[in-house]
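Single-structure report; data block below.
Residue numbers (the numbering used here), protein chains in the order written: chain W, -5 to 477; chain U, -5 to 477.
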């Protein structure tokens, strides 16, 4: 990195440093399975290893990469490791990396159509491609005439907040956005299951309806929302003069991969004018394969449908697909048009401005990640990956059933297996800590029926039968060791 | 991109394709000034140029890049062009590109400290580095003992929404997050100037206080908020039984770069317990240079301070710095702790979990962009760039003063010059369209004193005196042509 006029980096320097960085990333990824999966550093150690001030003068790429190796890498938990079974897979396929690199390199803003038309239109096409690949209804696509369409959000949390606000404003005829909310009398009330993601509670808090007005509906033995409990609560709220306006249906809960019954919940919710939001954040990916499209039953009731290609599917974070049956409610809730953003294209009404489909104003050219993913891997390749992960989870389930020290804690759901030690919570917790502390693999936990449970989510891009078999051997040994 | 087991891309393929992508980006950037600056495509043309379905099988990097050249590039407005004078500079310095590439390549999640400690701690250090580089108060840093600290947000819009929600919950003792808002009686009221960014109106709408409860305070002849008007409105609201809770102070308005008087507004606001938020989105960067730190006058009143390194400073989008004098209010408003996110590090109380400092749950390793920027360029280089842009704007201002067909529409503010045609709005508008349609440069407009005004923002990374002189020649010719 030589110094130049105004000290901007020279493009030849960038070229050389960029090649080094690509090689570094390839090497890191090739060896990602060799690091302790979960970081072992002490709080404050990375912070303390960095100087207290930025340098006055430029440094070389070698100096920076040396610090990446010695300071950053030991402080990482390695989400790209094939021994990653924690949380969810954060797959960032190499093909997607290239699209993201291009996005950053182009450095364009997609807040308005006019600020870079390709940024908007490639995104529209990628949402359509994805809707077709998953077998979603035509109504969600741009390439049919109609009021629907899709958009990329950063995360499912932002997507559900945006939809809850759109639903809130729809339910109040826009008054909640102008006059503000009045939750003291005839409050707006939202519904979700007790197993749904924490982002629902956060959304209820942030949008001003308040967590007191988010009903956590009981679940059945498969950890799916009970339609009878939903109906009872809805009617009780109506009788009490409240205004039910929103229901979230989870397809693949975070804890155990439970699927709420969308046909029943959706039908009742639509009868009463509620906005039906579907959170299929991780497991939505499975619909790439026809045999898993049973999850779409009842989709005709959904106002909004959300899943994260940045989880299982392989698009680098952040990349969350949100489709709307009619986009106008969202646009009405989010649209602000100051003079300095007015332009002839917007005024013509012939374009869409994605800034009105999201909370932030600025936006990256995120669609390139999806475009490169689809073209670099192909749909057939993505389906192969999904099927393989489900097959591995099925194997693990069978081994688990045959192991007397462990018991299943929930029905296997696609690529997710939940189990616990028969000796109780302390044993399960001790097992989990021992496995994570070993550095050999990563697992996380959840609570089901009041019990401490280990979740094993099989979805990392490079996880193979060998990794799962080794993981199982370690799990079995850990189960024996804690007795 | 050969096909492989499960059709994942091979790392050697990634290496080769990655090198090609780096070279492509270097070439694009070297020639960014040669494209028509603003895209000239028709609505729908990019969408129509893409097939209607994703491919079944993988394609080569050559095939994809050929489409980038023929479909995407003509559909871009080139924010990295040295002839970019529109909106704001979206500088993505090459050094920062490398950090972003690494972030995507590592593919880790920074939602919790434990999900990758380095992701949190490098970010903490980068916020401290930036606070020192700008000369912000010690209270905003982590490396002093105290309740303050900083965080990276995606955009200033998200930052102000997060702060408005934190202020809302602080003002209601948390009740707005649990019970929900009651804006019918004793409503919460926020303040900002009539020249502030549209994100304030959007935040008021989204957080549930409603735009009716956002007061747009009058500005003076320099388009800065009038403290007397603020005081009058505040007292009127108090007399009417409303609850003033938040004021936004803009340092560098979007339209003309106006600076609200923070000392006076801040003092009054703090006396009445309002949260004082500072939006220095673009111009905050100038404080890298000591001679521009006058903008920090009154900073002792600020509860939160926000600026975007992804604008003028050179960090690739998205990268918005938010500092808080006490972080607890924000964390209280945003924190949700479901069982599946509990972990020993969080329980120990010795770490911070940045997911509680933002709206989304997931987060990228954004701090790498800043780390590479500072180390690749050095603070001296960044200061040189800022000074050079301000010098160029000063030159432009002098030329403008000597041109009888044009008149200044606002005092020059650092790197921002606003002007209009003396013949009136139609002439100014015609000039703007002619200049943008020429493809030679980009400019945007605003409204000041009810008049149509052209903004010229000089801040693109590679803009030099030669580009500004050429731009000025074109502006002068356009001014003559519309007479």
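Just so you know, even glycine gets a beta-carbon here, dropped at the ideal spot from N, CA and C.
Over the uninterrupted beta strand (DSSP E) stretch that includes residue i, give me the two end residues.
{"i": "residue 61/U", "result": "Run containing residue 61/U: none in the beta strand (DSSP E); it sits in the alpha helix (DSSP H), 55 to 61."}
{"i": "residue 297/W", "result": "Premise fails: residue 297/W is in no beta strand (DSSP E) and is neither H nor E."}
{"i": "residue 97/U", "result": "From DSSP, residue 97/U is part of no beta strand (DSSP E) but of the alpha helix (DSSP H) over 88 to 100."}
{"i": "residue 203/W", "result": "Neither: residue 203/W is in no beta strand (DSSP E) and is coded neither H nor E."}
{"i": "residue 7/U", "result": "Note, residue 7/U: premise wrong, no beta strand (DSSP E); alpha helix (DSSP H) at 5 to 24."}
{"i": "residue 244/W", "result": "237 to 244"}
{"i": "residue 42/U", "result": "No beta strand (DSSP E) contains residue 42/U, which is instead part of the alpha helix (DSSP H) from 39 to 43."}
{"i": "residue 317/W", "result": "314 to 318"}
{"i": "residue 269/W", "result": "269 to 273"}
{"i": "residue 411/U", "result": "410 to 415"}
Under 7 Å between the Cβ atoms of residue i and residue j?
{"i": "residue 472/U", "j": "residue 425/U", "result": "yes"}
{"i": "residue 412/W", "j": "residue 384/W", "result": "no"}
{"i": "residue 327/W", "j": "residue 239/W", "result": "no"}
{"i": "residue 204/U", "j": "residue 173/W", "result": "yes"}
{"i": "residue 405/W", "j": "residue 216/W", "result": "yes"}
{"i": "residue 275/W", "j": "residue 253/W", "result": "no"}
{"i": "residue 89/U", "j": "residue 48/W", "result": "no"}
{"i": "residue 192/U", "j": "residue 354/W", "result": "no"}
{"i": "residue 96/U", "j": "residue 362/U", "result": "yes"}
{"i": "residue 251/U", "j": "residue 407/U", "result": "yes"}
{"i": "residue 242/U", "j": "residue 266/U", "result": "no"}
{"i": "residue 41/W", "j": "residue 115/U", "result": "yes"}
{"i": "residue 453/U", "j": "residue 83/U", "result": "yes"}
{"i": "residue 287/U", "j": "residue 129/U", "result": "yes"}
{"i": "residue 213/W", "j": "residue 177/W", "result": "no"}
{"i": "residue 346/U", "j": "residue 196/W", "result": "no"}
{"i": "residue 333/W", "j": "residue 440/U", "result": "yes"}
{"i": "residue 118/W", "j": "residue 136/W", "result": "yes"}
{"i": "residue 483/U", "j": "residue 248/U", "result": "With chain U represented from -5 up to 477, any question about residue 483/U goes unanswered, as that position is not in the structure."}
{"i": "residue 484/W", "j": "residue 292/U", "result": "The structure shown has nothing for residue 484/W, since chain W only spans -5 to 477."}
{"i": "residue 442/W", "j": "residue 403/W", "result": "yes"}
{"i": "residue 201/W", "j": "residue 162/W", "result": "yes"}
{"i": "residue 365/U", "j": "residue 120/U", "result": "yes"}
{"i": "residue 81/U", "j": "residue 438/U", "result": "yes"}
{"i": "residue 92/W", "j": "residue 15/U", "result": "yes"}
{"i": "residue 235/W", "j": "residue 180/W", "result": "yes"}
Just curious, the alpha helix (DSSP H) that residue i is in, first and last residue?
{"i": "residue 430/W", "result": "419 to 432"}
{"i": "residue 219/W", "result": "Per DSSP, residue 219/W belongs to no alpha helix (DSSP H) and is neither H nor E."}
{"i": "residue 262/W", "result": "256 to 265"}
{"i": "residue 126/W", "result": "111 to 128"}
Handout entry: Validate contact between the stretch 34 to 41 of chain W and the stretch 356 to 365 of chain U using beta carbons, cut 8 Å, 3 pairs
Key = Below 8 Å, too few C-beta pairs join the stretch 34 to 41 of chain W and the stretch 356 to 365 of chain U to call them touching: fewer than three.
Exercise for the section: Taking only runs that begin and end inside the stretch 328 to 408 of chain U, name each unbroken alpha helix (DSSP H) of 4 or more residues, in chain order. Expected result: For the stretch 328 to 408 of chain U, whole alpha helix (DSSP H) runs of length 4 or above, ordered along the chain, are 338 to 342, 361 to 371, 373 to 395.
Problem - Chain-ordered residues of the stretch 346 to 374 of chain W with a beta carbon less than 7 Å from chain U - result: Interface annotation for the stretch 346 to 374 of chain W against chain U: 353, 354, 355, 356, 358, 366, 368, 369, 370, 371, 372, 373, 374, criterion Cβ-Cβ distance under 7 Å.
Problem - Given 8 Å, three or more beta-carbon pairs between the stretch 63 to 75 of chain U and the stretch 90 to 107 of chain U - result: By the Cβ test, the stretch 63 to 75 of chain U is not in contact with the stretch 90 to 107 of chain U, since fewer than three Cβ pairs between them sit closer than 8 Å.
Problem - Touching by the beta-carbon criterion (3+ pairs, under 8 Å), the stretch 10 to 19 of chain U and the stretch 456 to 472 of chain W - result: As far as the Cβ criterion goes, the stretch 10 to 19 of chain U does not touch the stretch 456 to 472 of chain W, which means the pair count is below three.
Exercise for the section: Please specify which runs of the beta strand (DSSP E), each continuous and at least 3 residues long, are wholly inside the stretch 145 to 193 of chain W, giving them in chain order. Expected result: With a minimum length of 3 residues, the continuous beta strand (DSSP E) runs that stay inside the stretch 145 to 193 of chain W are 182 to 187.
Problem - Contacting positions in the stretch 205 to 237 of chain U - beta carbon closer than 7 Å to chain W - result: Within the stretch 205 to 237 of chain U, the qualifying residues are 205, 206, 207.
Exercise for the section: Please determine if the stretch 275 to 292 of chain U and the stretch 374 to 390 of chain U are in contact, where contact requires at least 3 C-beta pairs separated by less than 8 Å. Expected result: With the cut-off at 8 Å, the stretch 275 to 292 of chain U and the stretch 374 to 390 of chain U touch.
Problem - Members of the stretch 262 to 278 of chain U near chain W, C-beta cut-off 8 Å - result: When C-beta distances to chain W are compared with 8 Å, every residue of the stretch 262 to 278 of chain U stays at or above that value.
Handout entry: Interface positions of the stretch 20 to 32 of chain W facing chain U (Cβ-Cβ less than 7 Å), listed along the chain
Key = Cβ contacts with chain U come from 20, 22, 23, 24.
Handout entry: Residues from the stretch 169 to 183 of chain U in contact with chain W, defined by Cβ distance under 9 Å
Key = Of all residues in the stretch 169 to 183 of chain U, 169, 170, 171, 172, 173, 174, 175, 176, 177, 178, 179, 181, 182 have a Cβ within less than 9 Å of some Cβ in chain W.
Problem - Interfacial residues, the stretch 70 to 100 of chain W to chain U, with Cβ spacing under 7 Å - result: Cβ contacts with chain U come from 70, 71, 73, 74, 84, 86, 87, 88, 89, 91, 92, 94, 95, 96, 98, 99, 100.
Problem - Residue ranges of each beta strand (DSSP E) within the stretch 431 to 459 of chain U, 3 or longer - result: The beta strand (DSSP E) runs of length 3 or more contained entirely in the stretch 431 to 459 of chain U are, from start to end of the chain, 438 to 442, 445 to 451.
Problem - Under 9 Å (Cβ pairs) to chain U, residues found in the stretch 410 to 429 of chain W - result: The residues in question are 427.
Practice task
Taking only beta carbons into account, state which residues of the stretch 120 to 138 of chain W come closer than 9 Å to chain U, listed in chain order.
Solution key: Result list: 120, 122, 123, 124, 126, 127, 136, 137.
Exercise for the section: Take every Cβ of the stretch 412 to 422 of chain U, pair it with every Cβ of the stretch 291 to 311 of chain W, and state whether three or more of those distances are shorter than 8 Å. Expected result: Segment contact: the stretch 412 to 422 of chain U against the stretch 291 to 311 of chain W, fewer than three CB-CB distances shorter than 8 Å; contact not assigned.
Practice task
Determine which residues of the stretch 190 to 204 of chain U have a Cβ less than 7 Å from any Cβ of chain W, and write them out in chain order.
Solution key: Flagged, chain order: 192, 193, 195, 196, 199, 200, 201, 202, 203, 204.
Practice task
Identify each residue in the stretch 37 to 51 of chain U for which the Cβ-Cβ distance to at least one residue of chain W is less than 9 Å, and report them in chain order.
Solution key: Cβ contacts with chain W: 37, 38, 39, 40, 41, 42, 43, 44, 45, 46, 47, 48, 49, 50, 51.
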